[in-house]
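Written below as structure tokens is the structure these notes are about.
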Amino acid sequence: MQHESEIREPLILGHKSYHEISEDIVRPIEGKASKYWYMLLTVAILCFTWGICCLCYTIGTGIGVWGSNNGVDWAWDITNFVWWIGIGHAGTLISAVLLLFRQKWRMAINRSAEAMTIFAVMCAAIFVLLHTGRPWLDYWLFPLPNQFGSLWVNFNSPLMWDVFAVSTYFSVSLVFWYTGLIPDFAMIRDRQVKPFAKKMYSLLSFGWGGSARHWSRFEEVSLVLAGLSTPLVFSVHSIVSMDFATSVVPGWHTTIFPPYFVAGAVFSGFAMVSTLLLIMRKIYRLENYITIKHMEYMNIVIIVTGSIVGVAYLTELFISWYSGVEYEQYAFLNRATGPYWWAYAAMMTCNVVSPQLFWSKKLRTNLTFTFIMSIIVNIGMWFERFVIIVPTLCRTFITSSWNMYHPSFVDIGIYTGTIGMFFTFFLLFTRYFPVIAQAELKSIIKSSGQQYKEKHAHDHSHDH
Amino acid sequence: MSKSVIHAIFDDEEPLMASAKTLRSQGIRIKDVFTPFPVHGLDAAIGVPRTRIAICAFIYGITGTCLATWMMWYMMVHDWPTDVGGKPSFAYYMNVPAFIPITFEATVLCAAHGMAITFFLRSWLVPGAKAKNPDPRTTDDKFLMIVETKAESKNNIESLLRAGGASEIHYK
Numbered sequence: 001m002q003h004e005s006e007i008r009e010p011l012i013l014g015h016k017s018y019h020e021i022s023e024d025i026v027r028p029i030e031g032k033a034s035k036y037w038y039m040l041l042t043v044a045i046l047c048f049t050w051g052i053c054c055l056c057y058t059i060g061t062g063i064g065v066w067g068s069n070n071g072v073d074w075a076w077d078i079t080n081f082v083w084w085i086g087i088g089h090a091g092t093l094i095s096a097v098l099l100l101f102r103q104k105w106r107m108a109i110n111r112s113a114e115a116m117t118i119f120a121v122m123c124a125a126i127f128v129l130l131h132t133g134r135p136w137l138d139y140w141l142f143p144l145p146n147q148f149g150s151l152w153v154n155f156n157s158p159l160m161w162d163v164f165a166v167s168t169y170f171s172v173s174l175v176f177w178y179t180g181l182i183p184d185f186a187m188i189r190d191r192q193v194k195p196f197a198k199k200m201y202s203l204l205s206f207g208w209g210g211s212a213r214h215w216s217r218f219e220e221v222s223l224v225l226a227g228l229s230t231p232l233v234f235s236v237h238s239i240v241s242m243d244f245a246t247s248v249v250p251g252w253h254t255t256i257f258p259p260y261f262v263a264g265a266v267f268s269g270f271a272m273v274s275t276l277l278l279i280m281r282k283i284y285r286l287e288n289y290i291t292i293k294h295m296e297y298m299n300i301v302i303i304v305t306g307s308i309v310g311v312a313y314l315t316e317l318f319i320s321w322y323s324g325v326e327y328e329q330y331a332f333l334n335r336a337t338g339p340y341w342w343a344y345a346a347m348m349t350c351n352v353v354s355p356q357l358f359w360s361k362k363l364r365t366n367l368t369f370t371f372i373m374s375i376i377v378n379i380g381m382w383f384e385r386f387v388i389i390v391p392t393l394c395r396t397f398i399t400s401s402w403n404m405y406h407p408s409f410v411d412i413g414i415y416t417g418t419i420g421m422f423f424t425f426f427l428l429f430t431r432y433f434p435v436i437a438q439a440e441l442k443s444i445i446k447s448s449g450q451q452y453k454e455k456h457a458h459d460h461s462h463d464h
Numbered sequence: 001m002s003k004s005v006i007h008a009i010f011d012d013e014e015p016l017m018a019s020a021k022t023l024r025s026q027g028i029r030i031k032d033v034f035t036p037f038p039v040h041g042l043d044a045a046i047g048v049p050r051t052r053i054a055i056c057a058f059i060y061g062i063t064g065t066c067l068a069t070w071m072m073w074y075m076m077v078h079d080w081p082t083d084v085g086g087k088p089s090f091a092y093y094m095n096v097p098a099f100i101p102i103t104f105e106a107t108v109l110c111a112a113h114g115m116a117i118t119f120f121l122r123s124w125l126v127p128g129a130k131a132k133n134p135d136p137r138t139t140d141d142k143f144l145m146i147v148e149t150k151a152e153s154k155n156n157i158e159s160l161l162r163a164g165g166a167s168e169i170h171y172k
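For the protein sequence lines, the chains are A and B, in the order given.
Per the working numbering: the first sequence = residues 1 to 464.
Per the working numbering: the second sequence = residues 1 to 172.
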């Protein structure tokens, strides 16, 4: 039996037995949904529907209905793509990197974080698939034999790398998530009495029984998938950043982009996980599993990554000055003082200044404050992508092509729609899927559960 | 000489582990154990050899590397070399830095999916498969050990299991 120091705070509160853990995880599925769930779902579906309308309008008419123009040809669309894909990264980071580091606190949050990854990558995919202009020809992105003499795709292009990176990332994350879900679906299947639910969970659980041989393979698969996903997640956002960095546009053509984008992705992703977990623990009363300690750990990751992002911003400014290249210097001067100075100011305030408040223990263990901060960080990270794209493109080399960008209602509509889609899927997930990896939690109850910690401490005091 | 199948149910993993070790030390073969969560060291205690699935993953990964290398060589260098932005595709080694990202992604893609498919098929975990646990409580909070034995030694095994802390014994 693994022993853990009593000084570490317990990760599972309340005196839970194995059976009580099952009961608590299944309650949202077997019980009636609360009125908050219905309220949130209604709002999410309304946003989603509006997004679908705007999407159909875009496909029917063309991307001329967006605010993008000849100078600023990448705008909201790519901003949203990078933002969503960045959010997705935290899920993989929590489940893969924290698994490799044997961090037990990941077990209460990895399931929902991975679900978040999958839904966020789906939202991101909508934007890249749409921005091609003729989405019905998107299969041209793949190296398929064709009637143009087999004119192949260009593998020297980072945009092509992106196609491979994002599709690999999505499919591998999906497999990782589903493999982890199987034992939990089996647990739900084995306690169902309603025939339809039993049938559905039987199908979903693939006949899992929990034999020792299967567990040993299951653990090996989780470990190797984590080992593969870790470099994968770094490669995906590095490649996204290379879409910009390999161009010759001042302000984009920098070698700092890959690490800076990855840190930003982790930063915004953890913020989104905090937002979702705080809502989920409230409406499903999971306070014993997603404890204040869990939120504090997440907030510490937010300080670290937020500070890395801050250092990256300052490095960019320094290097542009130090390079002596006037175009490079102008690009950064323009971001800070040009027509979109307010976006730059919002980015700096939300991403660099505000996370530093988490140095105070009182603030980082305050859940209301954490919730507000998680929203602020995501607004800040959206502005970061906006600042990189729009102010740069509205002031390029030739002054005659300088112009402003204003989003159209369609831009805003599709963005709202993806947020709606994300929350619709997430709410349905929380209602029908086990939101916490209960099998994993049962394996740590004896080292990190409150009653065992107290028992150890008690035994210990008797020794003296 | 008839065979007996014993299903012993435990309420906790510690007596299960101890009983498994006792039985094995007396040379009694344990057919299988069903647990609600992975119990560390149990596979070694009941004599399950270490899984070779990671070796499969490595082979799938190498296959992915080779496929991606061949694909990019064929499409960019052999079949129709193009010159985009002054970067001609004369030979594979000249362009190889630009091919590394996709080679890496293909390696991960093949290793991850290959391993997952191998795991599902080898364990026969497929949609519509029958639940493999003999007792539905083993996915919640019970631990079940299956021992196959000759009829004459079943009393000895039962007493060992009872002494080890089994809460229920069933004969199948």
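We put the beta carbon where it would ideally sit given N, CA and C, even for glycine.
Note that the coordinates shown come from a computational prediction; the quantities given were computed from them, not determined experimentally.
Cβ of residue i within 8 angstroms of any chain B Cβ
| i | result |
| --- | --- |
| His214(A) | yes |
| Ser374(A) | no |
| Asn288(A) | no |
| Gly71(A) | no |
| Glu328(A) | no |
| Lys442(A) | yes |
| Phe155(A) | yes |
| Leu228(A) | yes |
| Leu203(A) | yes |
| Trp105(A) | no |
| Ser448(A) | no |
| Ser247(A) | no |
| Trp359(A) | no |
| Ser95(A) | no |
| Ser22(A) | yes |
C-beta neighbour in chain A for residue i, strict 8 angstroms
| i | result |
| --- | --- |
| Gly128(B) | yes |
| Lys172(B) | no |
| Pro101(B) | yes |
| Leu109(B) | yes |
| Ala166(B) | no |
| Ala18(B) | no |
| Val48(B) | yes |
| Leu42(B) | yes |
Neighbour list for residue i in chain A, Cβ cutoff strictly below 8 angstroms
| i | result |
| --- | --- |
| Ala116(B) | Val175, Thr179, Val221, Leu225 |
| Gly113(B) | Residue 113(B) is actually His in this sequence, not Gly. Under the 8 angstroms cutoff, chain A gives Ser171, Val172, Val175. |
| Ile53(B) | Arg217, Glu220, Val221, Val224 |
| Phe120(B) | Phe206 |
Proximal chain B residues relative to residue i, where beta-carbon distance stays under 9 angstroms
| i | result |
| --- | --- |
| Tyr139(A) | Result: empty, since nearest Cβ-Cβ is about 16 angstroms, beyond 9 angstroms. |
Rounded Cβ spacing between residue i and residue j (contact assumed at less than 8 angstroms)
| i | j | result |
| --- | --- | --- |
| Val266(A) | Ala124(A) | 16 angstroms between Cβ atoms; not a contact. |
| Arg191(A) | Asp140(B) | 7 angstroms |
| Ile53(B) | Arg217(A) | 5 angstroms |
| Pro143(A) | Met94(B) | Between Met94(B) and Pro143(A) the Cβ distance is about 20 angstroms, and since that is not below 8 angstroms, they are no contact. |
| Val105(A) | Leu40(A) | The sequence given here has Trp at residue 105(A), not Val. Contact flag wrong, Cβ pair sits at about 26 angstroms. |
| Thr168(A) | Leu67(B) | Rounded, the Cβ-Cβ distance is 13 angstroms, inconsistent with contact. |
| Ser408(A) | Val65(A) | 6 angstroms |
| His15(A) | Gln438(A) | Going by Cβ atoms, the distance from His15(A) to Gln438(A) rounds to 17 angstroms, so no, they are not a contact pair. |
| Gly71(A) | Leu393(A) | 6 angstroms |
Amino acids of chain B, ordered along the chain, whose beta-carbon sits closer than 7 angstroms to that of residue i
| i | result |
| --- | --- |
| His19(A) | Asp140, Asp141 |
| Gly210(A) | Phe34, Thr35, Pro36, Asn133, Thr138, Thr139 |
| Ala439(A) | Pro36, Phe37 |
Under 9 angstroms by beta carbon: chain A residues contacting residue i
| i | result |
| --- | --- |
| Glu105(B) | Trp161, Phe164, Ala165, Ser167, Thr168, Tyr169, Leu232, Ser235, Val236, Ile239 |
| Ala8(B) | The premise fails here: Ala8(B) is roughly 14 angstroms from chain A at the closest Cβ pair, so nothing lies under 9 angstroms. |
Listed by chain order, chain A residues near residue i by CB distance under 7 angstroms
| i | result |
| --- | --- |
| Ser123(B) | His214, Arg217 |
| Ala57(B) | Val224 |
Under 8 angstroms by beta carbon: chain B residues contacting residue i
| i | result |
| --- | --- |
| Gly207(A) | Trp124, Leu125, Val126, Gly128, Ala129, Lys130, Ala131, Lys132 |
| Trp84(A) | Correct list: empty, because the minimum Cβ distance to chain B is about 19 angstroms. |
Could you list the residues in the segment 179-190 of chain A with a C-beta less than 8 angstroms from some C-beta on chain B, going in chain order? Thr179, Ile182, Pro183, Ala186, Met187, Arg189, Asp190
Going along the chain, which residues of the segment 73-99 of chain B sit with their C-beta nearer than 9 angstroms to a C-beta in chain A? Tyr74, Met75, Met76, Asp79, Trp80, Thr82, Val84, Gly85, Lys87, Ser89, Asn95, Ala98, Phe99
What alpha helix (DSSP H) runs, 4 residues minimum, are completely inside the segment 351-421 of chain A? 361-364, 367-393
Runs of 4 residues minimum, wholly inside the segment 193-239 of chain A: which ones carry the alpha helix (DSSP H) assignment? 195-205
Please name the residues in the segment 125-149 of chain B whose beta-carbon is closer than 7 angstroms to at least one beta-carbon of chain A, in chain order. Leu125, Val126, Pro127, Gly128, Ala129, Lys130, Ala131, Lys132, Asn133, Pro136, Thr138, Thr139, Asp140, Asp141
Going along the segment 119-150 of chain A in order, which residues come within less than 9 angstroms of chain B, judged by CB to CB distance? Pro143, Gly149, Ser150
Uninterrupted alpha helix (DSSP H) stretches inside the segment 254-338 of chain A (no shorter than 4 residues): 257-283, 292-323, 326-337
Segments assigned alpha helix (DSSP H), at least 4 residues, entirely inside the segment 8-79 of chain B: 13-25, 42-45, 53-72
In the segment 29-47 of chain A, which residues sit with their C-beta less than 8 angstroms from some C-beta in chain B, listed in chain order? none
Closer than 8 angstroms, Cβ to Cβ, to anything on chain B: give me those residues from the segment 252-279 of chain A, in chain order. none
For the segment 124-169 of chain B, which segments carrying the alpha helix (DSSP H) assignment without a break, of at least 4 residues, lie completely within its bounds, in sequence order? 154-164
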